[in-house]
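Asker: A single structure is presented below for examination.
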Amino acid sequence: MVAFGGIPRPVGVLLNGMLVAYLALFPAAFAVMVVVLCRRFGSLGLLGAAPLWLTTELGRLWILGGFPWELVGYSQTSVLPVAQLASLVGVHGITLLVLFVNSALAVALVGPSRYRGRVLVTVGVLVAAVVGFGQARLSDNRLVSQGDPLRVALVQGNIPQDQKWDGDRETQILNRYLDLSRQGAADGAELVVWPESSTPFSFEGHPSGEEIRQLARDTGVHLIFGSTQMRVDPEVQLFNAAFALTPDGETAAVYHKMHLVPFGEYVPFRSLLSFVGPLVEAVGPFSPGLRASTIPVGSHQVSAAICYEVIYPGLIREFVRNGSELLTAITNDAWYERSAAPHQHFQQAAMRAIEHGRFLVRAANTGISGVVDPYGRVVRQSELFETTVVTEDVRLLTELTFYTQVGDLPAYLCLVLTVVAMLVAWRPRVGRSAS
């Protein structure tokens, strides 16, 4: 907000503090609910921590547009035998597992002695079953040989954020993407993917857009890339979009980003935040897309999640339910510089591959770009802030995992369980106060 939004540092600190304070409400609500349970059920109330925490994560997913960054379940993304559980119950199910194991250990430390052994045995059996399932799924490994093969090239242009919209650099930026794409095509790629907002202009309204169409014709590749799209009928609307071109240079499909970034693509409570005038003026009034539409690549369908859309489990499930055989994610993580965020973003994207049994390919402006197989294994990835093209073979898959079919129903059952538990736990207190 300060570096790219042009607002004074004190105002930026204030806005950031407001965001932190808002997000802090969710663990605070969790703590209050745990106290309520423990007052009613003693230390055994700690065993209810898992559904309580998951309920707060669901709140963070939906309230005020949602900000589900780094849910607890993502801590197990690289622990592959445990992470395979996501193919059954998604990242929320892994959150439940992590919280239940830790709450059971707490009960074993401070709970009634007669329950400690039983709790530890239960946890041990549960973890063993999860790991056993995960090892079996990893050993099966059949998804990496099923489906039709496709060679993909991921272009990492590595354009600094303060140069992306510099009009004097348009030709230089475009030529970099064209040259890297030709390298990928020469290496056998059939699909080339550029990052979010990769064109330094609006694709459809700029003369240089024809050079991109000619690239597809010259190389015979399918091309997916990020740009903006303006619509004027029935009203003026600006979209953050993913364009798909066929090998003859024609537009096959356009996907509009559905989950917009607060303070990046829109200003929440715009009228109330008039004091951040430069930011309000700098952030374009992007409109959200309305449908999780897929993109044709030959006779197949793929999806293109834009930026942090990939951290919304329900949206990616909707893509797959609509026929996506390959998950693509295009993003611009240049904002994050060399913080932990680019690594966290890539980690969260990898969980989507496990949940749906799909290959995931990710093109990021400054990294991390890479390919993840349907079991969450990173096949290839780039380094941060390198100019490169990542070329790899993937598979187009159609089989649906249990999670894809059922979705987050178990997670929302936990929400119901939390409401019931709170009503039961509060009832005696209400009775005493009334007397």
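Position one of the sequence shown corresponds to residue 3 (the working numbering), numbered consecutively onward. Note that the Cβ used here is the ideal one computed from N, Cα and C, for glycine as well.
For the alpha helix (DSSP H) that contains Ile175, what are its first and last residues?
Answerer: Here the alpha helix (DSSP H) through Ile175 covers 172 to 188.
Asker: Kindly indicate which three-state DSSP category Arg379 falls into: helix, strand or coil?
Answerer: Arg379 falls in the coil class under three-state DSSP.
Asker: Alpha carbons only, please: which of Tyr76, Phe28, Val37 is nearest the one belonging to Thr58?
Answerer: Ranking Tyr76, Phe28, Val37 by Cα distance to Thr58 puts Phe28 first.
Asker: How about the segment 187 to 195 and the segment 219 to 230: do they share at least three Cβ pairs that are nearer than 8 Å?
Answerer: Taking 8 Å as the limit for Cβ pairs, the verdict is that the segment 219 to 230 does touch the segment 187 to 195.
Asker: What are the start and end residues of the alpha helix (DSSP H) that includes Leu516?
Answerer: Outside the displayed span of the chain (3 to 437) sits residue 516, for which this structure offers no information.
Asker: I'd like the span of the beta strand (DSSP E) that includes Asn104, first residue to last.
Answerer: Run containing Asn104: none in the beta strand (DSSP E); it sits in the alpha helix (DSSP H), 88 to 112.
Asker: I'd like to check one pair, Leu98 with Ala52: are the Cβ atoms closer than 8 Å?
Answerer: Yes, Cβ-Cβ distance for Ala52 and Leu98 is below 8 Å.
Asker: State whether the segment 256 to 265 contacts the segment 288 to 299, with contact taken as three or more CB pairs (one from each stretch) at a distance under 8 Å.
Answerer: Yes, the segment 256 to 265 is in contact with the segment 288 to 299.
Asker: Just the C-alpha distance for Ile308 and Leu317, rounded to the nearest angstrom, thanks.
Answerer: Straight-line Cα distance between these residues: approximately 11 Å.
Asker: With distance defined between alpha-carbon atoms, name the residue in Asp235, Ala243, Gln216, Leu217 nearest to Phe227.
Answerer: Phe227 has its Cα closest to that of Ala243, out of Asp235, Ala243, Gln216, Leu217.
Asker: Contact defined as beta carbons within less than 8 Å: I believe Gly369 pairs with Glu385. What is the distance between those atoms, to the nearest angstrom?
Answerer: That pair is a contact at about 6 Å.
Asker: Just tell me which of Ala131, Leu140, Ser45 has its CA closest to the CA of Tyr117.
Answerer: Ranking the options by Cα distance to Tyr117, first place goes to Ser45.
Asker: Do you know offhand how far Gln86's Cα is from Glu213's?
Answerer: The alpha-carbon atoms of Gln86 and Glu213 are separated by roughly 43 Å.
Asker: Start and end of the beta strand (DSSP E) containing Pro236?
Answerer: Per DSSP, Pro236 belongs to no beta strand (DSSP E) and is neither H nor E.
Asker: Who pairs with Arg364 in a beta bridge, going by DSSP?
Answerer: Answer is Ala331, Gly372.
Asker: Quick one: residues in its chain with C-beta nearer than 6 Å to the C-beta of Phe348, no 5 flanking neighbours on either side, listed in chain order?
Answerer: Closer than 6 Å at Cβ, skipping near neighbours: Ile370.
Asker: Evaluate contact between the segment 372 to 381 and the segment 336 to 347, counting only Cβ atoms and requiring at least three cross-stretch pairs below 8 Å.
Answerer: As far as the Cβ criterion goes, the segment 372 to 381 does not touch the segment 336 to 347, which means the pair count is below three.
Asker: My output table needs one value for Pro249: the three-state DSSP class, helix, strand or coil.
Answerer: Three-state DSSP puts Pro249 in coil, outside helix and strand.
Asker: If contact is defined by three or more beta carbon pairs under 8 Å, each pair taking one atom from either stretch, is the segment 121 to 130 in contact with the segment 138 to 152?
Answerer: Touching, no.
Asker: Decide if Trp64 is buried, meaning its Cβ has at least 16 other Cβ atoms within 10 Å, or exposed.
Answerer: Trp64 comes out exposed.
Asker: Could you give the first and the last residue of the continuous alpha helix (DSSP H) run that contains Thr406?
Answerer: Residues 404 to 408.
Asker: Alpha carbon to alpha carbon, how far is Ala218 from Ala423? Give it in angstroms, no decimals.
Answerer: Each residue's alpha carbon lies about 58 Å from the other.
Asker: State yes or no: is the C-beta of Ala331 within less than 8 Å of the C-beta of Val312?
Answerer: Cβ distance < 8 Å, so Ala331 and Val312 count as in contact.
Asker: Is Val93 closer than 8 Å to Pro315 when the C-beta atoms are compared?
Answerer: Taking 8 Å as the Cβ cut-off, Pro315 and Val93 qualify as a contacting pair.
Asker: Check whether the Cβ atoms of Arg397 and Val146 sit closer than 8 Å, and answer yes or no.
Answerer: It is a contact, given that the beta carbons lie within the stated cut-off.
Asker: Tell me where the beta strand (DSSP E) around Arg153 begins and ends.
Answerer: It spans 150 to 158 - the beta strand (DSSP E) in which Arg153 sits, taken as one unbroken run.
Asker: Using only the alpha-carbon positions, how far apart do Glu72 and Ala106 sit?
Answerer: Cα to Cα, the separation comes out at about 23 Å.
Asker: Would you tell me roughly how many angstroms separate the C-alpha atoms of Ser200 and Ala5, rounded to the nearest one?
Answerer: Distance between the alpha carbons of Ser200 and Ala5: 20 Å.
Asker: Which residues does DSSP list as the beta-bridge partners of Glu394?
Answerer: Val154, per the DSSP bridge assignment.
Asker: Can you look up Tyr117 in the DSSP assignment and give me helix, strand or coil?
Answerer: Reduced to three states, the DSSP call for Tyr117 is helix.
Asker: I'd like to know whether the C-beta atoms of Glu172 and Phe203 end up nearer to each other than 8 Å.
Answerer: Cβ distance < 8 Å, so Glu172 and Phe203 count as in contact.
Asker: Note down, in chain order, each residue of its chain lying with its Cβ closer than 6 Å to the Cβ of Gln239, except the 5 sequence neighbours on either side.
Answerer: Excluding positions up to five away in sequence, the list reads Arg233, Ser289.
Asker: Per DSSP, what kind of secondary structure is Val4 in: helix, strand or coil?
Answerer: Val4: coil per DSSP, three-state reduction.
Asker: Assign Gly442 to one of three DSSP states: helix, strand, or coil.
Answerer: Within the shown structure, residues of the chain are numbered from 3 to 437, placing residue 442 beyond reach of any answer.
Asker: How many angstroms separate the CA atom of Ile2 from the CA atom of Ile175?
Answerer: Because residue 2 is not part of the residues shown, which for the chain are 3 to 437, the question remains open.
Asker: Could you tell me the boundaries of the beta strand (DSSP E) in which Leu193 lies?
Answerer: Where Leu193 is concerned, the enclosing beta strand (DSSP E) stretches over 193 to 195.
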